[in-house]
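Below: one structure, written as structure tokens.
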Amino acid sequence: MPYFKTSAEWYEQSSLLLKARPSSTRITSKYAVRKPTAAKIKKREKYAAKQPEKPADLTRTSSPPPQSQSPDEPTTTFTLKTYDPESGTCLQYETNKAAEVGRLVGNLGRLGRSMAALPEAPEDASAPAGSGDGVSTPKPEESGDVKMGGVPSTSAPAATGGKKKKKGKK
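Shown next as structure tokens:
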């Protein structure tokens, strides 16, 4: 039973297994919150004592460093398992990162489409529909001879109501 190091590896192998055996393969997820043992608490305290305190760097623009977990906090894990009883294949991935859990749950919907015999969803659902090879909205012509509607312009430009005011910073 292999444990994968990254969620991308697990997702790729699980999708291949689901395509090969969609009717028998199952995906299970388990979310566990465990109270740490006394040995874990000592280990965390020892690790926290070894870490030197770094001075705050005010010029830094990236995200702040991750907060170290206090020794008494419970450990949470999210485990995904893809299992096919016919071949005996079992693929597992486990994480304790909260941001990754939401992404993994979203990917479960895409994996389940092959189990339900539905066509695959497009890769990026947030992309506009006309951005690819379909029909797109025509862009207005650059020349000053044509106004909206394609009628040639013979008079001076009409008043457009003036300039917009810029909003000031508060």
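Heads up: the sequence shown begins at 1 in the UniProt record's numbering, then just goes up one per residue. Glycine included, every Cβ here is placed at the ideal spot set by N, Cα and C.
In the DSSP assignment, Lys-30 is bridged to Thr-79. When the Cα atoms are used, Ser-114 and Asn-107 turn out to be separated by approximately 12 Å.
For the set Ala-20, Gly-112 and Ala-48, the Cα lying nearest the Cα of Ser-87 is the one of Ala-20. Taking a C-beta distance under 8 Å as the contact criterion, Leu-91 and Ser-14 qualify as a contact pair. Residue nearest to Glu-12 within the set Phe-78, Lys-43 and Arg-110 is Arg-110 (criterion: CA-CA distance). Where Glu-120 is concerned, there is no enclosing alpha helix (DSSP H), because DSSP gives it neither an H nor an E. For Glu-94, the secondary structure class from DSSP, reduced to helix, strand or coil, is strand. For Lys-167, same chain residues with a beta-carbon under 7 Å away, outside a window of 5 residues either side, do not exist.
DSSP places Ser-7 in the uninterrupted alpha helix (DSSP H) bounded by 7-20. With 16 or more other Cβ atoms inside 10 Å of its own Cβ, Tyr-93 counts as buried. By the Cβ-count criterion, Thr-6 is exposed, with fewer than 16 other Cβ atoms from all chains shown falling within 10 Å of its own Cβ.
Distance from Thr-75 to Ile-27 at the Cβ level is roughly 23 Å; contact not present, criterion being Cβ atoms closer than 8 Å.
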